[in-house]
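Report on the structure given below.
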Amino acid sequence: MTKKRAYSALGLSAVCALTLSACATSGSSNNATTNDSSVSIAITNVFSSLNTGTSTGNSDTNGIISSMTNTGFYTVTDKFEVRHNDWFGTYQMSPEGEGIKVDYTVNEGQKWSDGNDIDKGDLLLAWAAISGHFNSQDENGVQYFDYAGDSSGLAAAGKPTTKDDRSISFTYPTAFADWETVYDLSKPAHVVAELAGMTEAELVETLESATPGENNDKLTKIAEAWNTAYDTTTKPSDEKLLVGNGPYLVSDVIENQSVTLTANPNYQGSTKPAIQEVVLKVLPDAAGQVQALQNGEVDAVAPQASIDTVSQLEGLSGVVTTPQADQAYDHLDLNMQEGSPFADANVRKAFLLTVPRQDIVDKLIKPMNSDAKVLNSQLYLVSDAENYAKTVQSNNSSDYPSNDMDANIAKAKELLNGQTPTIRILYNSKNSNRVNTFQMIKESAEKAGFVVVDSGSEQWSSMLAGGDYEASIFGWVSSGVGNGTLGQIFKSGSSSNFTSYSNSTVDEAAENIMRTTDTARIEELKMQADGELFKDAYGLPLFQSVAVTSYNENLQGVKPKPGQYPLTWNIEEWSYGK
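Laid out in structure tokens, this is it:
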């Protein structure tokens, strides 16, 4: 078993953060009853897709479900170590000329829940989706798979080799820091093939023979199936969409209310799930989650923390509550698409000057963490200590001071020069911390002449890619490993770049980060890009979040983790104590 400690704060597969609330409830007892067969967990956002790999499906709730229903070559633990799942398969890196070669092999007998072998088609489909190999280098050309992450790392390896039906190998021309986490299993190829109207053999032949950047009808059908067929807010009538290989499978969905998962009888992992049913209940408001835990309606919660939420949870009896620094941050992004007021750099700078970041931190975060500070980096968290302090010295964040708002407003007025731009701000209307953040920004920005419109919505995450707003307030949650954040969020044309941002220096840094194992060089490139983001008035980071989890004390095996999947990352290890 291989373990590797992460050295990067914001990892490869960032997803939208969990939500906050600041409503109070009273009470001090937990009445949850033990039940060997079922456990209920509160989630904040609604379910919208069974494929979290796409830009539209890349949300926290979808990711939780995906991690429970699909398992591959590795797992990121609560210690941010990359644990190889040796029961599933093996992978190893070896030198190859000036670069490296990584060989993957699925163990013989590994199957999907419907009994279909996990084989060459599955390995090739995962590569095609993650690498963006077939997409035109010109973003206006043919584009196939809508992958949410940064494709440049795996793309550098070019076309893989497959020596048999269970193996795939990638040869990278240079050393590559993220070789261990850049690739893993995706959706079942036999299902995607059927959705695309072909056999798995035809899918394999297409992926092996298609020419990158050229129109290909079969490849288009494969990509469209992967991109869109799994999007649903209800339980799909087509049962094959539910095929997975994880410890659980989706068995029921009540639209916008709950998702039920049942233990996969064909799960081949080293630890079989002891709990037979997991019900994920949508409770957008953190106070509602606390109340549900107190009343025994749910057994575990992981709301994005507010001072009221933490104090309420710590006041309950019969539960285990763990607050800690999160691998997440809240931020304000500006939409720079053509026609937006923020296509003008001076308007962007003026608006950012009006953001009362110190006030936001003082009112929302300091009551939970007296040491909380305004976050002054897009690529590092305050808890990154030395690297954070170093980047702040040179990343131009001082252009947006937070200690003299009167001076900021005066400077913003000068930059606007009489303009009164209308700014619609998108955010989660069920997240009281973000409601409060919006109100503080609105009040401050209007002093400088902006007209700020409330575009808050419970469906905010599905609206991010549409661009029908001028600014957005949300959060990125990190896996805690890897170095793909820069490319995923900020690179020109990336599917998670929702703001039409483009900077050649940032693009080059994102590419070069994926072609080295020199940690000092990686940090140098990240800090260079961090400076460009502030210089360009991309947006502003607000604060590093606080993570809190709370669960029925009778549950055993729960290991809370900051970042993605804070409760469920090891759910197959859960059981009820006696």
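The numbering of the sequence shown is my numbering, which starts it at 83 and goes up by one. The C-beta atom is built at its ideal place from N, Cα and C for all residues, glycine as well.
Checklist entry - Under the DSSP definition of a beta bridge, which residues are partnered with Val533? => result Sequence index remark: in the sequence shown, residue 533 carries index 451 (1-based). Partner(s): Thr504.
Item to check | Proximal residues to Phe216 (C-beta, below 7 Å), its chain only, five neighbours per side dropped | outcome: As a first step, residue 216 is located in the sequence shown; it is residue number 134 there, counting from the start. Contacts found: Ala210, Tyr226, Ala292, Pro294, Leu301.
Checklist entry - Do the CB positions of Ala494 and Leu435 come within less than 8 Å of each other? => result As a working mapping, residue 494 is identified with position 412 in the sequence shown. As a working mapping, residue 435 is identified with position 353 in the sequence shown. Yes, the pair counts as a contact, with Cβ atoms nearer than the cut-off.
Item to check | Rounded straight-line distance, which links the Cα of Val224 to that of Val158 | outcome: Looking up residue 158 in the sequence shown gives position 76. Looking up residue 224 in the sequence shown gives position 142. Rounded to the nearest whole angstrom, the C-alpha separation of Val158 and Val224 is 34 Å.
Next on the checklist: Just verifying my parser: in three-state terms, what is the DSSP assignment at Trp558?
Outcome noted: Sequence index remark: in the sequence shown, residue 558 carries index 476 (1-based). When DSSP states are grouped into helix, strand and coil, Trp558 belongs to the strand group.
Next on the checklist: Can you tell me whether Gly179 is buried or exposed? The criterion is at least 16 other CB atoms within 10 Å of its CB, across all chains shown.
Outcome noted: Taking the sequence shown and counting its residues from 1, one reaches residue 179 at position 97. Gly179 is exposed by the Cβ-count criterion.
Checklist entry - Can you list, in chain order, the residues of its chain whose CB lies under 7 Å from that of Gln475, leaving out five sequence neighbours each side? => result Position 393 of the sequence shown, counted from the start, is the residue given in the question as residue 475. Excluding residues within five positions, none has a Cβ falling inside 7 Å.
Item to check | Rounded C-alpha distance that separates Gly538 from Val264 | outcome: Residue 538 sits at position 456 when you count from the first residue of the sequence shown. Residue 264 sits at position 182 when you count from the first residue of the sequence shown. Cα to Cα, the separation comes out at about 34 Å.
Checklist entry - Skipping 5 residues on each side, what residues in its chain have a beta carbon closer than 6 Å to that of Ala311? => result Along the sequence shown, read from residue 1 onward, the residue named residue 311 stands at position 229. Cβ within range, chain order: Leu277.
Next on the checklist: Can you list, in chain order, the residues of its chain with a C-beta nearer than 7 Å to that of Val97? Leave out the 5 residues immediately preceding and following it.
Outcome noted: Taking the first residue of the sequence shown as 1, we reach residue 97 at position 15. Confidence in Val97 is poor, its pLDDT being 28 and thus under 50, which makes the residue's placement unreliable; the coordinate value appears in the next sentence. Result list for Val97: Asn140, Ser141, Asp142, Gly145, Val559, Gln646, in chain order.
Checklist entry - So Val429 packs on Pro503, CB below 8 Å; how close in whole Å? => result As a working mapping, residue 429 is identified with position 347 in the sequence shown. As a working mapping, residue 503 is identified with position 421 in the sequence shown. Indeed they touch by this definition, with Cβ atoms about 6 Å apart.
Checklist entry - If Phe580 and Ala547 are in contact, beta carbons under 8 Å, what's the gap, nearest whole angstrom? => result Reading the sequence shown from its first residue, position 498 is the one you call residue 580. Reading the sequence shown from its first residue, position 465 is the one you call residue 547. Rounded, the Cβ-Cβ distance is 6 Å, consistent with contact.
Next on the checklist: Is it the case that the stretch 626-634 contacts the stretch 401-409, given that we only count it when at least three CB pairs across the two stretches are under 8 Å?
Outcome noted: yes
Checklist entry - Of the choices Pro642, Tyr658, Ile595, Ser578, whose alpha-carbon is the least far from that of Gly135? => result To locate residue 135, count along the sequence shown from 1; it is residue 53. Of Pro642, Tyr658, Ile595, Ser578, the residue nearest in Cα terms is Ser578.
Checklist entry - Hey, out of Asn451, Lys472, Thr316, whose CA is closest to Asp334's CA? => result Here the question's residue 334 lines up with position 252 in the sequence shown. Residue Thr316 is the option with its Cα nearest to Asp334.
Checklist entry - Quick one, are the C-beta atoms of Val121 and Val360 less than 8 Å apart? => result Residue mapping note: residue 121 aligns to position 39 of the sequence shown, counting from 1. Residue mapping note: residue 360 aligns to position 278 of the sequence shown, counting from 1. In contact: Val121 and Val360 (Cβ atoms closer than 8 Å).
Checklist entry - Is DSSP giving Ser480 helix, strand or coil here? => result For the purposes of this step, residue 480 is taken as residue 398 along the sequence shown, with counting starting at 1. Helix, per DSSP.
Checklist entry - Which of the three DSSP states, helix, strand or coil, is assigned to Gly171? => result Along the sequence shown, read from residue 1 onward, the residue named residue 171 stands at position 89. Note: Gly171 maps to strand in three-state DSSP.
Item to check | Whole-angstrom distance between Ile389 and Leu498, CA atom to CA atom | outcome: Taking the sequence shown and counting its residues from 1, the one referred to as residue 498 is at position 416. Taking the sequence shown and counting its residues from 1, the one referred to as residue 389 is at position 307. If I take the Cα positions, the gap works out to 37 Å.
Item to check | Bridge-paired residues (DSSP) for Val401 | outcome: The residue labelled residue 401 in the question sits at position 319 within the sequence shown. DSSP lists Asn634 as partners of Val401.
Checklist entry - For Arg439 versus Val456, is the C-beta spacing smaller than 8 Å? => result Taking the first residue of the sequence shown as 1, we reach residue 439 at position 357. Taking the first residue of the sequence shown as 1, we reach residue 456 at position 374. Here Arg439 is near Val456, since their CB atoms are less than 8 Å apart.
Next on the checklist: List, from N- to C-terminal side, the alpha helix (DSSP H) runs of 4 residues or more that fit wholly inside the stretch 317-388.
Outcome noted: 368-377
Checklist entry - Which whole-angstrom value describes the C-beta separation of Leu285 and Ala305, a residue pair presumed to lie in contact below a C-beta threshold of 8 Å? => result Reading the sequence shown from its first residue, position 203 is the one you call residue 285. Reading the sequence shown from its first residue, position 223 is the one you call residue 305. About 11 Å; that fails the 8 Å criterion.
Checklist entry - Could you give the residue range of the beta strand (DSSP E) that holds Ile182? => result Translated into the one-based positions of the sequence shown, residue 182 becomes position 100. Counting along the chain, the beta strand (DSSP E) containing Ile182 begins and ends at 181-188.
Checklist entry - Would the beta-carbon of Ile212 be found less than 7 Å away from any heavy atom of the ligand ATP? => result Ligands in the displayed structure: none, and consequently the ligand ATP is not present.
Next on the checklist: Whole angstroms are fine: how far does the CA of Asp232 sit from the CA of Asp201?
Outcome noted: For the purposes of this step, residue 201 is taken as residue 119 along the sequence shown, with counting starting at 1. For the purposes of this step, residue 232 is taken as residue 150 along the sequence shown, with counting starting at 1. The alpha-carbon atoms of Asp201 and Asp232 are separated by roughly 25 Å.
Checklist entry - Does DSSP put Leu301 in a helix, a strand or coil? => result Position 219 of the sequence shown, counted from the start, is the residue given in the question as residue 301. Of the three classes helix, strand and coil, the one that applies to Leu301 here is helix, per DSSP.
Item to check | Identity of the residues DSSP links to Tyr411 by a beta bridge | outcome: Reading the sequence shown from its first residue, position 329 is the one you call residue 411. Trp558, Gln626, per the DSSP bridge assignment.
Checklist entry - Going by beta carbon distance, what residues of the same chain come within less than 7 Å of Asp204, once the five residues before and after it are set aside? => result Locating residue 204 in the sequence shown gives position 122, where the first residue counts as 1. Leu267, Pro270, Ala271, listed in sequence order.
Checklist entry - Taking Gly378 as the reference, which of Val640, Asn634, Thr650 has the closest Cα? => result Start at 1 with the first residue of the sequence shown, and residue 378 comes out as number 296. Comparing alpha carbon positions, the residue from Val640, Asn634, Thr650 closest to Gly378 is Asn634.
Item to check | Span separating the alpha-carbon of Gln626 from that of Asp196 | outcome: Mapped onto the sequence shown, residue 626 falls at position 544. Mapped onto the sequence shown, residue 196 falls at position 114. Cα to Cα, Gln626 sits roughly 42 Å from Asp196.
Item to check | Local Cβ density within 10 Å of Glu262, reported as buried at 16 or more and exposed below that | outcome: Here residue 262 refers to the residue found at position 180 when the sequence shown is read from its first residue. With 16 or more other Cβ atoms within 10 Å, it is buried.
Checklist entry - Using the C-alpha atoms, what's the distance from Thr126 back to Leu446? => result Your numbering for residue 446 matches position 364 in the sequence shown. Your numbering for residue 126 matches position 44 in the sequence shown. Cα to Cα, the separation comes out at about 19 Å.
Checklist entry - From Asn594 to Asn585, what distance separates their C-alpha atoms? => result Along the sequence shown, read from residue 1 onward, the residue named residue 594 stands at position 512. Along the sequence shown, read from residue 1 onward, the residue named residue 585 stands at position 503. So the two alpha carbons sit approximately 14 Å from each other.
Item to check | CB of Ala410 within 8 Å of CB of Gly557, strictly | outcome: Counting from 1 along the sequence shown, the entry for residue 410 is found at position 328. Counting from 1 along the sequence shown, the entry for residue 557 is found at position 475. Result yes, Cβ atoms of Ala410 and Gly557 sit closer than 8 Å.
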